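Engineer: Chains as they are written, first to last, in this note's numbering: chain A, 1 to 151; chain B, 1001 to 1261. Mind looking over this structure? Questions follow.
In structure tokens form, the structure reads like this:
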């Protein structure tokens, strides 16, 4: 329900003043998700597959990590695994459980050029549902290190 | 810079006392159309924010990359109370590790706006990536302390499009630049849209393997749907619609979480 709280907070004039927002008096309310942007989206300009870009950026040497909250059914973990499998990446570090505190945080596999991570018990918004695990994930990503194998 | 100081947030209504700086405001990405994107920077709460990387967060949608999700629900330092009148601290905020830059994008999302109404009808991946690159270049001239700083992009859902597309734009821009100021090191995406066909097959498989739909619904979708098609057939859409009735009243974004009434 937290989206509802944001709708109240960001529509308060004093909040908008403090944030230097809406000085042109936009003729619609602040909303978390814009239906009009979604409804008018130019889908012809939306590629069916992002995989060619991933390949290009892996080749360019960028650090690329993909994570998946495993209780999301909108873009679930199987969707991401099926898509990633089409990249035909070489496995560098085999699938293993990683730890968040004294619990399994999820599973991970490190490929050449890309790291895949699942986050146990997290829905679509991973840092919202599993904040501690998400912070561990961020630290490992920034450090370019594999996720912890033990607690 | 003077512009930077003008964007400084003294304090947000109802916020607890904090030891980090915040800035927010607009960056114009298209002068003639009057297209401006709204940003919110929460600097790192560490003792040395100037040594910490810059991380740009983008949400999905399309149409949902607003400060509600990344900033207020997920990785930002503040959570909003039930009444919508007070803020409290997120103990796991990512600004302990990085300087967090939230961007409301494209125009029409959150506080971002355009003076040209036709812009609303022309939003798409390409223009969003281009506008976001222009935003970053302009923003870094307003905040020169972040030029050459390690820079990462993170996002979720439809940001599986936004994030790699922006990364590619930056990569190409940097290749053409003698002295690139955007020091892109990498990106991370969560539950991302990556590949329509495989995403869809994987989704249907998840529904079945997590006992969300019946065998009959699963087989019906597999029989009637060709996810490689440009447009899904009526029969396919109908099979998916019928299968969704099996879900019951749940939150599809987190299948074991009670739905918000």
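C-beta atoms are modelled at their ideal positions from N, C-alpha and C, and glycine is treated no differently. Quantities reported herein were computed from a predicted structural model and do not represent experimental measurements.
Pair every Cβ in the segment 1002-1011 of chain B with every Cβ in the segment 89-107 of chain A, then say whether three or more of these pairs are closer than 8 Å.
Structural biologist: Contact fails: fewer than three Cβ-Cβ distances are below 8 Å.
Engineer: Check the Cβ of residue 1187(B) against every Cβ in chain A and list those closer than 9 Å, keeping chain order.
Structural biologist: Residue 1187(B) sits at position 187 when you count from the first residue of the second chain. The contacting residues are 57, 62, 63, 64, 65.
Engineer: Please decide whether residue 80(A) counts as near chain B, where near means a Cβ-Cβ distance under 9 Å.
Structural biologist: Here residue 80(A) corresponds to residue number 80 of the first chain, with the count starting at 1. Chain B, which has a Cβ nearer than 9 Å to the Cβ of residue 80(A), makes this yes.
Engineer: Which residue's Cα is closest to the Cα of residue 1008(B): 11(A), 7(A), 10(A), 19(A)?
Structural biologist: Start at 1 with the first residue of the second chain, and residue 1008(B) comes out as number 8. Of 11(A), 7(A), 10(A), 19(A), the residue nearest in Cα terms is 19(A).
Engineer: Any contact between the segment 99-119 of chain A and the segment 56-68 of chain A? By contact I mean 3 or more CB pairs, one from each, below 8 Å.
Structural biologist: The answer is yes - the segment 56-68 of chain A touches the segment 99-119 of chain A, with three or more Cβ pairs under 8 Å.
Engineer: Determine the direct distance from the alpha carbon of residue 1076(B) to that of residue 1063(B), and round the result to whole angstroms.
Structural biologist: Here residue 1063(B) refers to the residue found at position 63 of the second chain. Here residue 1076(B) refers to the residue found at position 76 of the second chain. Taking the straight line from one Cα to the other gives about 19 Å.
Engineer: For the structure I just gave you, are there three or more beta carbon pairs, one from the segment 1033-1050 of chain B and one from the segment 1127-1140 of chain B, closer than 8 Å?
Structural biologist: Cβ pair count under 8 Å is three or more, so yes.
Engineer: Tell me, please, whether the segment 1147-1155 of chain B touches the segment 1181-1190 of chain B by the rule of three or more beta-carbon pairs shorter than 8 Å.
Structural biologist: In short, these stretches touch, since the Cβ pair count reaches three.
Engineer: Is it right to say residue 1169(B) is buried, meaning 16 or more other beta carbons lie within 10 angstroms of its own, or is it exposed?
Structural biologist: The residue labelled residue 1169(B) in the question sits at position 169 within the second chain. The residue is buried, with at least 16 neighbouring Cβ atoms inside 10 Å.
Engineer: With a threshold of 9 Å between beta-carbons, can residue 132(A) be considered close to chain B, or not?
Structural biologist: Within the first chain, the letter at position 132 stands for residue 132(A). For residue 132(A), the answer is yes, since a Cβ of chain B falls inside 9 Å of its Cβ.
Engineer: Whole angstroms is fine: what's the gap from residue 1171(B)'s alpha carbon to residue 1(A)'s?
Structural biologist: Start at 1 with the first residue of the second chain, and residue 1171(B) comes out as number 171. Start at 1 with the first residue of the first chain, and residue 1(A) comes out as number 1. Their backbone Cα atoms lie some 38 Å apart in a straight line.
Engineer: With which residues is residue 104(A) paired in a DSSP beta bridge?
Structural biologist: Taking the first residue of the first chain as position 1, residue 104(A) is located at position 104. In DSSP, residue 104(A) forms a bridge with 99(A).
Engineer: Tell me whether residue 67(A) sits in a helix, a strand or coil according to DSSP, three-state version.
Structural biologist: Residue 67(A) sits at position 67 when you count from the first residue of the first chain. In this structure, residue 67(A) counts as strand in the three-state DSSP scheme.
Engineer: Would you report the Cα separation of residue 1212(B) and residue 73(A), rounded to the nearest angstrom?
Structural biologist: By one-based count along the second chain, residue 1212(B) stands at place 212. By one-based count along the first chain, residue 73(A) stands at place 73. Rounded to the nearest angstrom, the two C-alpha atoms are 9 Å apart.
Engineer: Of all the beta strand (DSSP E) runs that stay within the bounds of the segment 1059-1103 of chain B, which reach a length of 3 or more residues?
Structural biologist: Qualifying beta strand (DSSP E) stretches, in chain order: 1078-1080, 1087-1089.
Engineer: Using the beta-carbon count (16 or more within 10 Å), is residue 1027(B) buried or exposed?
Structural biologist: Counting from one through the second chain, the residue named residue 1027(B) turns up at place 27. Buried, since its Cβ has 16 or more Cβ neighbours within 10 Å.
Engineer: Cβ atoms of residue 1068(B) and residue 1078(B): under 9 Å apart, would you say?
Structural biologist: Sequence index remark: in the second chain, residue 1078(B) carries index 78 (1-based). Sequence index remark: in the second chain, residue 1068(B) carries index 68 (1-based). In this structure, residue 1068(B) does not lie closer than 9 Å to residue 1078(B) by Cβ.
Engineer: For my contact list, residue 26(A) and residue 1113(B) are in at a C-beta cut-off of 8 Å; report their separation, rounded to the angstrom.
Structural biologist: By one-based count along the first chain, residue 26(A) stands at place 26. By one-based count along the second chain, residue 1113(B) stands at place 113. Yes, they are in contact, since the Cβ atoms of residue 26(A) and residue 1113(B) sit about 5 Å apart, within 8 Å.
Engineer: Give the DSSP bridge partners of residue 1022(B), in chain order.
Structural biologist: Taking the first residue of the second chain as 1, we reach residue 1022(B) at position 22. The partner list for residue 1022(B) (beta bridge, DSSP) reads 1042(B).
Engineer: For a minimum of 4 consecutive residues, which ranges assigned as the alpha helix (DSSP H) are wholly contained in the segment 1130-1209 of chain B?
Structural biologist: Complete alpha helix (DSSP H) runs here, min 4: 1159-1175, 1196-1209.
Engineer: Give the straight-line distance between the Cα atoms of residue 1086(B) and residue 88(A), rounded to the nearest whole angstrom.
Structural biologist: On the second chain, residue 1086(B) is found 86 positions in, with the first residue counted as 1. On the first chain, residue 88(A) is found 88 positions in, with the first residue counted as 1. Roughly 49 Å separates the two Cα atoms.
Engineer: Going by alpha carbons, who is nearest to residue 41(A) out of 1107(B), 1203(B), 1023(B)?
Structural biologist: Stepping through the first chain from its first residue, residue 41(A) is reached at position 41. Here the closest residue by C-alpha is 1107(B).
Engineer: In this structure, what does DSSP give as the bridge partners for residue 1029(B)?
Structural biologist: Residue 1029(B) sits at position 29 when you count from the first residue of the second chain. None, per the DSSP bridge assignment.
Engineer: Report all residues from its chain with a CB closer than 7 Å to the CB of residue 1140(B); omit the five preceding and five following residues, and keep chain order.
Structural biologist: In the second chain, counting from the first residue as 1, residue 1140(B) sits at position 140. The answer, listed in chain order, is 1146, 1147, 1181, 1182.
Engineer: Do you know whose CA, among 1030(B), 1258(B), 1250(B), lies nearest residue 1138(B)'s CA?
Structural biologist: Locating residue 1138(B) in the second chain gives position 138, where the first residue counts as 1. It is 1030(B).
Engineer: Does chain B have any CB closer than 9 Å to the CB of residue 7(A)?
Structural biologist: Residue mapping note: residue 7(A) aligns to position 7 of the first chain, counting from 1. With 9 Å as the cut-off, residue 7(A) counts as an interface residue toward chain B.
Engineer: Take residue 9(A) and list the residues in its own chain whose beta-carbon comes closer than 8 Å to its own, dropping the five residues that flank it on each side.
Structural biologist: Working through the first chain from its first residue, we reach residue 9(A) at position 9. Excluding sequence neighbours, residue 9(A) sits near 15.
Engineer: Any beta carbon of chain B sitting closer than 9 Å to that of residue 76(A)?
Structural biologist: Along the first chain, one-based indexing puts residue 76(A) at 76. Yes, because at least one Cβ of chain B sits closer than 9 Å to the Cβ of residue 76(A).
Engineer: Which bits of chain B does residue 127(A) rub up against, with CB to CB less than 7 Å?
Structural biologist: Reading the first chain from its first residue, position 127 is the one you call residue 127(A). Residues of chain B passing the Cβ test: 1074, 1075.
Engineer: Quick one: what's residue 118(A) bridged to in DSSP?
Structural biologist: Position 118 of the first chain, counting from 1, holds the residue named residue 118(A). According to DSSP, residue 118(A) bridges with 68(A).
Engineer: Determine the extent of the alpha helix (DSSP H) in which residue 78(A) is found, giving its start and end residues.
Structural biologist: Here residue 78(A) corresponds to residue number 78 of the first chain, with the count starting at 1. Residue 78(A) -> alpha helix (DSSP H) spans 77-85.
Engineer: Span of the alpha helix (DSSP H) holding residue 4(A)?
Structural biologist: Numbered from its first residue, the first chain carries residue 4(A) at position 4. Taken as a continuous stretch (DSSP letters only), the alpha helix (DSSP H) holding residue 4(A) covers 2-9.
Engineer: Reducing DSSP to helix, strand and coil, say where residue 1218(B) ends up.
Structural biologist: Counting from one through the second chain, the residue named residue 1218(B) turns up at place 218. Here residue 1218(B) sits in helix by DSSP.
Engineer: Using the beta-carbon count (16 or more within 10 Å), is residue 1235(B) buried or exposed?
Structural biologist: Start at 1 with the first residue of the second chain, and residue 1235(B) comes out as number 235. When all chains shown are included, residue 1235(B) counts as exposed.
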